[in-house]
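Undergrad: Residue numbers (full-length UniProt numbering): 1 to 330.
Note that CB positions come from ideal geometry on N, CA and C, so glycine has one too.
Note that this is a predicted model, so its numbers are computed, not measured.
Pasting a structure here, questions to come.
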Amino acid sequence: MNRIADIGCGELEELGGARILLGVEGTGMRATEWAEENRADVERLLRENGALLVRGLRFTGSQQFGTVLKTLFGEELVQYTYRSTPRTELRGNVYTATEYHADQTIPQHNENSYSNRWAMRLGFLCTTPAEQGGATPICDSRRILECVPDALRARFEAHGVLYVRNYTDLDIPWTEVFQTDDKGEVEAFCRDNQLDFEWVSDAHLRTRQVNQATAIHPDNGARVWFNQAHLFHVSNLEREVRDSLLATIAEPDLPRNTYYGNGDPIADEDLRTIRALYEAHQVAFQWQRNDLLLLDNMLYSHGRTPFSGNRQVLVGMARIHGSTPGAGIA
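Here it is in structure tokens:
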């Protein structure tokens, strides 16, 4: 099977409880050739399904992966700026996936949904599957919104989410987050992206921004849960780490935290509800070498499970979309 023109979403294979798997074993084609020939149909399936796992291609390295993504997404890959996690940049705006310790879980999140600008398309390539664990579970953001209790959803939609970040030696420094050591460039970025900023000291930058809690997909009108309140909130830390931090620094100086957009605190219980919904509805599969996972970043979130052994997953992003900063729906 070289072409996928006759395949609909209903013909995709089930994996982890969702129809996302497109097997292309035996095509005899290089990944770049396959992408060129099937670009339109991959786009069709992604628009309809929101997630697609292509299994059976052959990749020779990160540069070819970047070329495949540019072909499939129809645009240059974007640089990862205003960062929230450590990554290694390879070539052509291809990055390693978040480099947190192997024993840690990375909660479900839509990439850069803490910002007012984000990529609409994500591509992941597994170059080295973990010996155990290390899945990249995904979750339908439409389903999460449907399941959030009405009163909680109303609070979030009425106010949005306030993200407060302090860039010190307790977290990623501002030079890495903004990819520059020039304070003038940082300030220009903040102004251009409607980030309130304050230099608390020469080495301590604080930013504040209210962004969307939910959003409307620009292509299909789907309503989605689209924020990282549960991930940035101090309750996402292990209890021991949280207590230690709060015993050392004041709450306004925490490396990152979230509030309702009007400044009111978000109850831990409310965020436990959100995390439980992600846990209940996520779809997980075991990576195989050269698996290519393509996501509509608004329709599907992603995360990572703990793992043992070596693991490498690469990522590239494209098609920047933005919202108007503030409360409510983008």
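Do T258 and H233 have their C-beta atoms closer together than 9 Å?
TA: Mapped onto the sequence shown, residue 258 falls at position 258. Mapped onto the sequence shown, residue 233 falls at position 233. Yes, these two residues count as a Cβ contact at 9 Å.
Undergrad: Beta strand (DSSP E) containing I274: first to last residue?
TA: As a working mapping, residue 274 is identified with position 274 in the sequence shown. Run containing I274: none in the beta strand (DSSP E); it sits in the alpha helix (DSSP H), 268-281.
Undergrad: I'd like to check one pair, S62 with V94: are the Cβ atoms closer than 9 Å?
TA: Counting from one through the sequence shown, the residue named residue 94 turns up at place 94. Counting from one through the sequence shown, the residue named residue 62 turns up at place 62. Taking 9 Å as the cut-off, the beta carbon of V94 is found closer than this to the beta carbon of S62.
Undergrad: Looking only at its own chain, which residues have a Cβ that is under 6 Å from the Cβ of E89, when we skip the five neighbours before and after it?
TA: The count along the sequence shown starts at 1 and reaches residue 89 at position 89. These residues qualify, in order along the chain: Y95.
Undergrad: Residues in the same chain with beta-carbon distance under 7 Å from G17, minus the five sequence neighbours each way, listed in chain order, please.
TA: Here residue 17 corresponds to residue number 17 of the sequence shown, with the count starting at 1. These residues qualify, in order along the chain: V283.
Undergrad: Give the range of the beta strand (DSSP E) segment to which Q312 is assigned.
TA: Locating residue 312 in the sequence shown gives position 312, counting from the first residue. It spans 312-322 - the beta strand (DSSP E) in which Q312 sits, taken as one unbroken run.
Undergrad: Looking at the unbroken beta strand (DSSP E) that takes in E14, where does it start and where does it end?
TA: Position 14 of the sequence shown holds residue 14. Counting along the chain, the beta strand (DSSP E) containing E14 begins and ends at 13-15.
Undergrad: Could you check whether N227 and V161 sit closer than 9 Å to each other, using their CB atoms as the reference points?
TA: For the purposes of this step, residue 161 is taken as the residue at position 161 of the sequence shown. For the purposes of this step, residue 227 is taken as the residue at position 227 of the sequence shown. Yes. Within cutoff.
Undergrad: Starting from D296, follow the beta strand (DSSP E) in both directions and report where the run begins and ends.
TA: Translated into the one-based positions of the sequence shown, residue 296 becomes position 296. Here the beta strand (DSSP E) through D296 covers 292-296.
Undergrad: Assign A140 to buried or exposed, taking buried as 16 or more other Cβ atoms, counted over all protein chains shown, within 10 Å of its Cβ.
TA: Your numbering for residue 140 matches position 140 in the sequence shown. The residue asked about is misnamed: residue 140 is Asp in this sequence, not Ala. By the neighbour-count rule (16 or more Cβ atoms within 10 Å), D140 is buried.
Undergrad: Unbroken beta strand (DSSP E) runs of length 3 or more, entirely within the stretch 151-186: which are they?
TA: 161-167
Undergrad: Thinking just about the alpha-carbon of each residue, which of H101, P252, W34 is nearest to the one in R55?
TA: As a position in the sequence shown, residue 55 is number 55, starting the count at 1. The shortest C-alpha separation from R55 is found at W34.
Undergrad: Would DSSP call T88 helix, strand or coil?
TA: Locating residue 88 in the sequence shown gives position 88, where the first residue counts as 1. Three-state result, T88: coil.
Undergrad: Specify the secondary structure class of R58 as computed by DSSP and reduced to three states.
TA: The count along the sequence shown starts at 1 and reaches residue 58 at position 58. Residue state, collapsed to three classes: coil.
Undergrad: With N38 as the anchor, note down where its alpha helix (DSSP H) starts and where it stops.
TA: Your numbering for residue 38 matches position 38 in the sequence shown. In the DSSP annotation of this structure, the continuous segment of the alpha helix (DSSP H) that includes N38 starts and ends at 31-49.
Undergrad: Quick one: what does DSSP say F226 is sitting in, helix, strand or coil?
TA: In the sequence shown, residue 226 corresponds to position 226, counting from 1. F226 falls in the coil class under three-state DSSP.
Undergrad: Return yes when the Cβ of D171 is within less than 9 Å of the Cβ of R256, no when it is not.
TA: On the sequence shown, position 256 is the one that residue 256 refers to. On the sequence shown, position 171 is the one that residue 171 refers to. Result yes, Cβ atoms of R256 and D171 sit closer than 9 Å.
Undergrad: Among residues of its own chain, excluding the 5 on either side of residue 335, which ones have a beta-carbon nearer than 8 Å to its beta-carbon?
TA: There is no way to answer for residue 335, as the model of the chain reaches only from 1 to 330.
Undergrad: Comparing C-alpha positions only, which one of D169, R275, Y300 sits nearest to M120?
TA: Residue numbering aside, residue 120 sits at position 120 when the sequence shown is read from its first letter. Ranking the options by Cα distance to M120, first place goes to Y300.
Undergrad: Assuming V315 contacts G66 under a Cβ cut-off of 8 Å, what Cβ separation, rounded to an integer in Å, is found between them?
TA: Within the sequence shown, the letter at position 315 stands for residue 315. Within the sequence shown, the letter at position 66 stands for residue 66. Between G66 and V315 the Cβ distance is about 10 Å, and since that is not below 8 Å, they are no contact.
Undergrad: Compute the Euclidean distance between the alpha carbons of G328 and E25, then round it to the nearest angstrom.
TA: Against the sequence shown, residue 328 aligns to sequence position 328. Against the sequence shown, residue 25 aligns to sequence position 25. Its pLDDT being 36, under 50, G328 is placed unreliably by the model, and the measurement read from it follows with that caveat. The alpha-carbon atoms of G328 and E25 are separated by roughly 45 Å.
Undergrad: Between A318 and P265, what straight-line distance do the alpha-carbon atoms span, to the nearest angstrom?
TA: Counting from one through the sequence shown, the residue named residue 318 turns up at place 318. Counting from one through the sequence shown, the residue named residue 265 turns up at place 265. Taking the straight line from one Cα to the other gives about 34 Å.
Undergrad: Among residues of its own chain, excluding the 5 on either side of Y278, which ones have a beta-carbon nearer than 6 Å to its beta-carbon?
TA: Translated into positions along the sequence shown, residue 278 becomes position 278. Q108, C139.
Undergrad: Looking only at C-alpha atoms, which of V164, A5, L45 sits nearest to L254?
TA: For the purposes of this step, residue 254 is taken as residue 254 along the sequence shown, with counting starting at 1. Relative to the Cα of L254, the nearest Cα in the group V164, A5, L45 belongs to V164.
Undergrad: What distance in whole Å lies between the Cβ atoms of D103 and P306, which are believed to be in contact at a cut-off of 8 Å?
TA: Here residue 306 refers to the residue found at position 306 when the sequence shown is read from its first residue. Here residue 103 refers to the residue found at position 103 when the sequence shown is read from its first residue. Rounded, the Cβ-Cβ distance is 5 Å, consistent with contact.
Undergrad: Take every Cβ of the stretch 210-220, pair it with every Cβ of the stretch 166-184, and state whether three or more of those distances are shorter than 8 Å.
TA: no
Undergrad: Taking the beta carbon of I274 as the centre, do at least 16 other beta carbons fall within 10 Å, making it buried, or is it exposed?
TA: Working through the sequence shown from its first residue, we reach residue 274 at position 274. Its Cβ being crowded by 16 or more others within 10 Å, I274 is buried.
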